Amino acid sequence: MNRDKTSKRTLVTGVIGEDVHIVGIRILEYALGEAGFKIVSLGSQVSQKEFVEAAIEVNAGAILVSSLSGHAETLVPGLRDRCIEAGLNDILLYLGGYLQIGETPWEETEKKFKAWGFNRIYPPGTSPGKVITDLKEDLM
Amino acid sequence: MNRDKTSKRTLVTGVIGEDVHIVGIRILEYALGEAGFKIVSLGSQVSQKEFVEAAIEVNAGAILVSSLSGHAETLVPGLRDRCIEAGLNDILLYLGGYLQIGETPWEETEKKFKAWGFNRIYPPGTSPGKVITDLKEDLM
Amino acid sequence: MDLRNRKLSEDEFFTERQEVLAQWKTGKEVDLDEAIAFHKSLPPHKVCVPVLRQAKAQGESYAITGMGKATVEEQIELLTYIEKEGLANYLGTTVDSFSRQNHYQEAEKGIAESMKKGRSTLNGFPIVNHGVTGFRRVIEAVQSPISMRYGAADPRLIDEIGYAGGHTAGAEDALMDFWHHHSKVALETVIATHRYVHRLIGYYEEHGVPLCASCQGLYGAGVPPSLPMAAILVQILMMAEQGVKHIRYHIATHGHLPQDVATADVLRKLAREYYARFGYHDIEDFLSVSFSLVQYPLEPGSAFAVVFMNTLMAHLCGAQANDIRTVAEAKGIPTKEDTAYTFRTAKFMENLLKTQKISVDPHDVEAESRMVEQEVRCIVDKVLEFGDGDVVVGTIRAVQAGVLDNPFATNPTSPCKVMGIKDKGGAIRYLNHGNLPFTNDILTFHKEKIEEREKKQGKKLDYDTLVSDLLAVSRGVLVE
Amino acid sequence: MDLRNRKLSEDEFFTERQEVLAQWKTGKEVDLDEAIAFHKSLPPHKVCVPVLRQAKAQGESYAITGMGKATVEEQIELLTYIEKEGLANYLGTTVDSFSRQNHYQEAEKGIAESMKKGRSTLNGFPIVNHGVTGFRRVIEAVQSPISMRYGAADPRLIDEIGYAGGHTAGAEDALMDFWHHHSKVALETVIATHRYVHRLIGYYEEHGVPLCASCQGLYGAGVPPSLPMAAILVQILMMAEQGVKHIRYHIATHGHLPQDVATADVLRKLAREYYARFGYHDIEDFLSVSFSLVQYPLEPGSAFAVVFMNTLMAHLCGAQANDIRTVAEAKGIPTKEDTAYTFRTAKFMENLLKTQKISVDPHDVEAESRMVEQEVRCIVDKVLEFGDGDVVVGTIRAVQAGVLDNPFATNPTSPCKVMGIKDKGGAIRYLNHGNLPFTNDILTFHKEKIEEREKKQGKKLDYDTLVSDLLAVSRGVLVE
Ligand code: B12
Ligand code: B12
């Protein structure tokens with residue numbers, strides 16, 4: 009696939025699964041928009057299929073998945089494979105929110121979700137500035 | 009020594025060492041008095057010597073030592089020996105208050121002070137009723 | 008669908024009911040006559056209405072919060088612990104989010120997985136899956152009443168089973184559920200399912216069983232009080248029509264005490280006025296208060312400050328329920344220790360406060376009351392105008408038109424044109440009033456208040472400021 | 008000893024001083040000129056008076072509490088931790104109890120033992136033993152001002168070294184020290200040593216160094232507010248005479264907010280009146296508030312409620328300092344984490360409160376104010392009468408006569424005839440007024456208030472009730 013700079017700066021955002029927490033991702037969308045990214049917002053309760061379809065349609069550089077309900081462990085595995093199947097070989101996958109129930113050390117959580125093919129994982133309280141910096145670096 | 013019932017029910021009370029915390033022992037004195045004991049109150053900042061002298065003078069059944077300053081570890085060892093030296097062979101020694109600095113498990117504290125010759129040890133929050141019951145039992 | 012504000016006939020109700028109970032296998036356990044008899048056998052200390060009444064009589068507010076585990080055993084352990092160690096007077100069943108979406112199959116998987124792992128992997132108690140018999144074991148194990156907590160586009164089966172099981176209060180709130188709990192369900196559908204559950208409550212009431220419904224209108228982050236208040240007022244008219252007799256209003260406060268107290272005062276006053284206007288004469292109301300659900304503090308020092316503020320607000324607002332998040336709110340689903348610990352703190356704060364006559368500056372409260380009352384009247388009058396006097400029809404049109412609106416709706420059909428922001432004292436004002444039908448006086452007031460903060464901060468207030476408002480409490484301040 | 012309320016001449020002061028500095032080897036480190044120069048080199052954020060002024064200007068109250076470890080290293084670790092993690096604006100040095108009794112030899116042993124064990128075995132920081140150079144290392148390591156906290160019959164060397172080291176506030180309170188901190192020292196002696204330290208402060212003031220003295224009068228468990236207030240008023244006249252210019256009044260409150268607020272109001276008012284009457288025109292005053300030191304709660308849930316109440320009281324009383332005990336108070340000497348945690352909570356509570364205009368019912372406050380003012384006037388007038396206008400002479404006689412009295416004095420010469428008890432609302436009243444020179448109106452008021460509680464509880468109030476009053480807060484209630 010031939011991806012120009014503009015499409016690389018297009019991001020698909022959404023909240024996965026049955027999850028309705030919308031405030032965090034709205035704030036990120038705003039900050040990312042201000043920082044010059046083009047945002048394709050899918051809102052909340054988005055399925056893996058919808059994320060992938062939207063990413064193909066707009067030729068996105070990254071998919072930003074939010075999950076706060078505590079069900080991420082069952083909701084996100086398989087997303088990377090779907091992307092590969094759909095030919096989105098080098099798309100970035102970011103994941104953030106409240107990623108599991110109970111008190112697991114952050115390093116473990118990060119390791120687990122990275123193994124499922126996510127490039128970066130963000131905990132609650134993430135500053136939008138950090139995400140912008142990371143995206144700029146990863147999309148260079 | 010020939011000790012009749014009345015003298016057995018006479019108690020010497022006081023706060024040991026440099027310690028000025030007086031409220032706890034005053035409350036106990038009151039409750040013990042109500043329960044029929046005769047109280048000889050030495051007040052606060054009482055030395056080992058003063059405790060023993062008073063106990064001899066009134067032929068007391070027990071000495072109730074209070075210590076809240078956190079210095080009990082250095083203030084109470086030796087009191088049992090002084091009593092024995094003075095011929096108070098079977099006098100009861102009770103100790104209560106905040107017995108040491110820092111968070112040691114209560115069992116350890118209790119063991120330590122019992123080894124120094126105290127018959128009973130009481131933590132903060134002790135109900136006067138408990139002390140009355142124990143005294144009645146021990147003085148039978 | 009005939010969507011006017013009229014009471015469902017028994018026929019309509021019982022016809023719809025067959026379909027509802029068929030949604031999951033436990034539906035057949037529900038026997039209304041048996042359930043009514045069961046409720047009548049409950050001692051008053053296990054029933055929400057008398058317990059809330061007692062709180063009102065004593066000028067006290069009881070801590071409430073979400074509580075939900077995957078299995079009956081875990082749920083019993085949790086609730087009895089909170090009762091004993093947290094000195095709770097009022098308990099709750101938080102329903103897991105699969106059940107809220109009616110995905111009972113997935114909830115079933117969650118129960119199995121939780122049993123296997125020996126720890127709950129669901130974020131709440133799957134009421135439907137455990138059925139009437141499951142919940143009866145819970146209500147039998149405790150000494151306090153239990154209220155349901157959830158948000159669902161279709162709460163019909165949850166309520167059928169929940170109430171038959173022995174819950175004595177619920178959380179059926181159509182606008183809240185439409186805006187925040189689903190992204191793909193039409194408002195008409197949500198109103199219809201809620202009409203059903205309100206009718207269910209009405210049925211219990213007709214048979215002498217007091218159940219307490221509740222209503223918050225919308226989740227309050229970034230929203231000035233007139234909007235949730237209008238959303239509450241239109242809905243309590245719908246509830247009352249179906250026969251609901253006991254309603255707990257819930258207000259999400261922002262920590263600016265004059266505004267918070269004004270919200271409570273005006274809401275109670277206008278509710279009485281609207282009940283009277285539409286001929287509902289025997290509604291008993293209660294109030295609960297919680298800090299608006301913004302980002303909560305991660306570290307416990309500030310988390311306790313939030314419990315403190317919540318309790319103070321509840322006291323000052325005259326609430327019967329102090330709806331708090333535990334000190335672990337920002338960390339994840341709280342442990343039973345977190346909840347007990349938090350409850351105990353709130354209980355003791357309340358003990359220290361309950362007999363004290365403290366109040367917010369009455370002039371400040373009056374100034375806030377005057378504004379919020381005007382704003383609410385503008386909105387509700389417009390809703391009723393839209394519906395030619397019918398509140399259901401009017402509400403549906405008003406939501407479409409953004410006359411009832413919300414900045415952070417999950418449902419994409421919502422205009423989401425309004426946005427609130429704090430003024431320099433921490434009261435929340437309209438930065439953007441979208442299509443709210445406000446008078447110029449109102450708009451000027453909000454503009455001036457926002458300008459005051461702009462002047463203080465030396466910059467235009469914008470979306471960035473809003474972000475800082477949403478994070479303020481988690482940083483231990485009211486406004487930055 | 009010439010015990011009249013007159014300023015010590017420089018001669019008298021410097022003569023006595025030689026003897027004071029000879030009490031322990033570190034005495035020779037003290038060089039007043041050098042110390043004055045050092046104070047002048049301190050930035051304002053390390054000086055108590057400007058920091059308290061800032062609190063006053065911003066309507067804020069800063070958390071303060073005791074902080075003391077055996078070694079300089081431990082003390083630095085403790086204070087810097089509390090500054091950073093506890094967001095403290097105001098620090099303290101709590102002096103260990105050997106030093107308070109001038110047993111510097113034993114304190115020296117404690118330091119050695121603490122070094123050997125690697126943990127502090129002293130209950131405070133031995134100021135004298137560490138000397139000026141030791142404390143200078145502490146004040147250099149922090150960013151906030153440091154106040155001394157202790158009670159000592161003879162605080163002269165502690166103060167000489169403490170102030171020369173860089174403390175900018177202290178705790179020289181003769182009546183408090185006489186009643187509560189020693190059992191065998193005569194009041195005359197205590198007043199004389201305190202006259203010396205007040206004169207020392209006056210000397211610094213004359214040389215342009217602002218130091219803040221403090222005064223509480225007596226430890227407040229079981230004591231209605233008029234008694235500590237009278238004890239404060241007589242003492243600030245002694246302080247002012249020696250040249251003290253900045254005084255922090257400390258009130259120990261009981262949690263009945265109208266009474267607590269009235270105490271603060273009346274104290275500020277009467278202090279101004281008495282200063283004026285005796286011609287002290289340039290005293291700047293501050294206020295701190297703490298919950299009266301009764302039994303504190305062992306479990307953290309209720310301990311946080313106490314922090315909350317303390318903070319609310321400080322706010323309502325308009326105090327600059329929120330004198331709190333950590334949530335581990337009932338457990339033992341707090342760890343640095345306990346203190347930081349507690350401070351952070353108080354800080355965030357204060358953040359949420361500081362801009363809010365809340366107040367206690369003004370009629371209730373007025374009723375309490377009227378009573379406490381009358382009571383205090385009766386006592387202080389009598390004291391002055393006893394001394395033919397001289398407050399020192401009068402105080403000594405008044406203490407003997409029980410016109411200034413205390414229920415829980417350590418010193419056995421004290422009559423200890425008064426006893427307070429809570430009324431049904433939690434305000435504290437005289438159960439026994441001993442020899443306090445009250446009018447019949449006052450006595451009737453207290454009697455009626457006590458009868459109200461007796462009626463409510465259906466039994467006579469007695470010593471048993473008093474015990475329950477002393478334990479109430481530890482059980483998370485105001486009054487049982
Ligand atoms: C507001 C809220 C709600 C509102 C949401 C309304 C709305 N319109 O969004 C309502 C009331 C509806 C709600 C419902 C529920 N909630 Co909720 N909710 C919260 C709360 C209080 C605040 C969330 C919030 O808005 N924060 C503010 C924003 C700005 O922060 P954020 O979303 O975390 O986003 C930041 C970061 O996480 C990160 N981030 C987030 N996503 C992404 C994605 C990417 C790619 C990146 C880079 C970064 C990133 O960046 C953001 C900026 O810092 C939190 C607790 C808390 N945080 O204090 C609980 C919380 C998230 N909810 C929780 C739960 C469990 C629920 C429920 C299931 C109810 C229940 N059983 O208790 C239901 C969910 C129903 C469903 N179907 O999803 C739990 C989650 C537990 C867990 N995961 O372990 C929490 C933590 C509360 C708790 N302690 O129990 N909730
Ligand atoms: C009031 C108080 C003071 C007052 C005392 C005034 C007075 N007239 O008594 C003042 C302000 C003067 C004071 C001073 C100090 N105090 Co102080 N004080 C307290 C406080 C807040 C309450 C004590 C109290 O009166 N409790 C109420 C009574 C009813 O309870 P009680 O005394 O514990 O007695 C009960 C039991 O312990 C038991 N009991 C006690 N004695 C005995 C004896 C017997 C025989 C029996 C059977 C039972 C028994 O029965 C009683 C009834 O339940 C406690 C903390 C707390 N508890 O909340 C700290 C506390 C006791 N103080 C403490 C300290 C360190 C000090 C100081 C050294 C200052 C400092 N460096 O911080 C100085 C001591 C100076 C000195 N020379 O002694 C520490 C002790 C730490 C430790 N031991 O580990 C405590 C725990 C505070 C803390 N967390 O740091 N204090």
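Protein chains in written order, with the working numbering: chain A, 9 to 148; chain B, 9 to 148; chain C, 8 to 487; chain D, 8 to 487. Don't be surprised by glycine CBs; every beta carbon is placed ideally from N, CA and C. As the structure is a computational prediction, the values presented were derived from the model and not from experiment.
Looking only at its chain, what residues have a beta carbon closer than 6 angstroms to the beta carbon of residue i, apart from the 5 residues adjacent to it on each side?
i        : result
Leu194/D : Phe185, Ile403 and Val406
Ala70/D  : Asn329, Ile331, Phe350 and Ala353
Met9/A   : Annotation note: pLDDT 41 at Met9/A (below 50); position unreliable, coordinate value reported separately. Cβ within range, chain order: n/a, list empty.
Asp397/C : Arg11 and Asn12
Gly394/C : Val400 and Gly401
Asn109/C : Asp161
Pro136/B : Leu36 and Ala39
With a CB to CB cut of under 8 angstroms and the five nearest residues on each side skipped, what residues in its chain are close to residue i?
i        : result
Lys57/A  : Arg90
Arg11/A  : Confidence at Arg11/A is low in this model, with a pLDDT of 47, below 50, so its placement is unreliable and no value can be given for it.
Ala148/C : Ile83, Leu86 and Thr87
Phe121/B : Ala80, Val84, Leu103, Leu107 and Ile129
Thr417/C : Trp186, His187, His188, His189 and Ser190
Tell me the DSSP bridge mates of residue i?
i        : result
Tyr437/D : Gly427/D
Asp330/C : Ile71/C
Lys46/B  : Thr18/B
Leu294/C : Tyr256/C
Val367/D : Ile365/C
Gly105/B : Ser75/B
Val23/A  : Ser74/A
Along chain A, in chain order, which residues have C-beta atoms closer than 7 angstroms to that of residue i?
i        : result
Phe105/C : Glu26
Can you list, in chain order, the residues of its chain whose CB lies under 7 angstroms from that of residue i, leaving out five sequence neighbours each side?
i        : result
Arg163/C : Val27, Thr200, Tyr203 and Val204
Ala62/D  : Ser68, Tyr69 and Gln327
Asn96/D  : Val58, Tyr69 and Ser151
Along chain C, which residues have their Cβ under 9 angstroms away from the Cβ of residue i?
i        : result
Gly133/A : Gln302, Leu305, Ala337, Leu478 and Ser481
Name the chain D residues whose beta carbon is nearer than 9 angstroms to that of residue i?
i       : result
Gln53/B : Gln108, His189, Ser190, Lys191 and Thr417
Give the residues of chain B in contact with residue i, contact being defined as C-beta atoms less than 9 angstroms apart.
i        : result
Tyr157/D : Near Tyr157/D there are no residues of chain B at all, since even the closest Cβ is about 12 angstroms away, more than 9 angstroms.
Val474/D : Ile35, Tyr38, Ala39 and Pro136
Tyr470/D : Ile35, Tyr38, Ala39 and Glu42
Name, please, each residue of chain D whose Cβ falls closer than 8 angstroms to the Cβ of residue i.
i        : result
Val139/B : Result: empty, since nearest Cβ-Cβ is about 13 angstroms, beyond 8 angstroms.
Find the residues of chain C that neighbour residue i, judging by a C-beta separation of less than 7 angstroms, and give them in chain order.
i       : result
Ser77/A : Ser104 and Asn130
Ile30/A : Phe415 and Thr417
Note down, in chain order, every chain C residue with its Cβ under 8 angstroms from the Cβ of residue i.
i        : result
Ser309/D : Arg351, Thr352 and Phe355
Next on the checklist: I'd like to know if the segment 308-322 of chain D and the segment 42-62 of chain D are in contact, where contact means that at least 3 CB-CB pairs between them fall below 8 angstroms.
Outcome noted: In short, these stretches do not touch, since the Cβ pair count stays below three.
Checklist entry - Taking three-plus beta-carbon pairs below 8 angstroms as touching, is the segment 449-467 of chain D in contact with the segment 259-266 of chain D? => result Three or more beta-carbon pairs separated by less than 8 angstroms are not found between the segment 449-467 of chain D and the segment 259-266 of chain D, which leaves the two stretches without contact.
Item to check | Contact residues within the segment 432-457 of chain D, judged by C-beta distance below 8 angstroms to chain C | outcome: Within the segment 432-457 of chain D, the qualifying residues are Gly432 and Gly433.
Item to check | Near-chain D residues of the segment 336-369 of chain C - C-beta to any C-beta below 9 angstroms | outcome: The residues in question are Ala347, Tyr348, Thr349, Phe350, Arg351, Thr352, Ala353, Lys354, Phe355, Met356, Glu357, Asn358, Leu359, Leu360, Lys361, Thr362, Gln363, Lys364, Ile365, Ser366, Val367 and Asp368.
Checklist entry - What residues in the segment 261-293 of chain C bring their beta carbon closer than 8 angstroms to a beta carbon of chain D? => result So the list reads Gly262, His263, Leu264 and Pro265, given in the order they occur along the chain.
Item to check | At least 3 beta-carbon pairs within less than 8 angstroms: the segment 352-369 of chain C vs the segment 419-428 of chain C | outcome: No, the segment 352-369 of chain C is not in contact with the segment 419-428 of chain C.
Checklist entry - Any residues in the segment 140-166 of chain D with a beta carbon nearer than 7 angstroms to a beta carbon of chain B? Which ones, in chain order? => result Answer in chain order: no residues at all.
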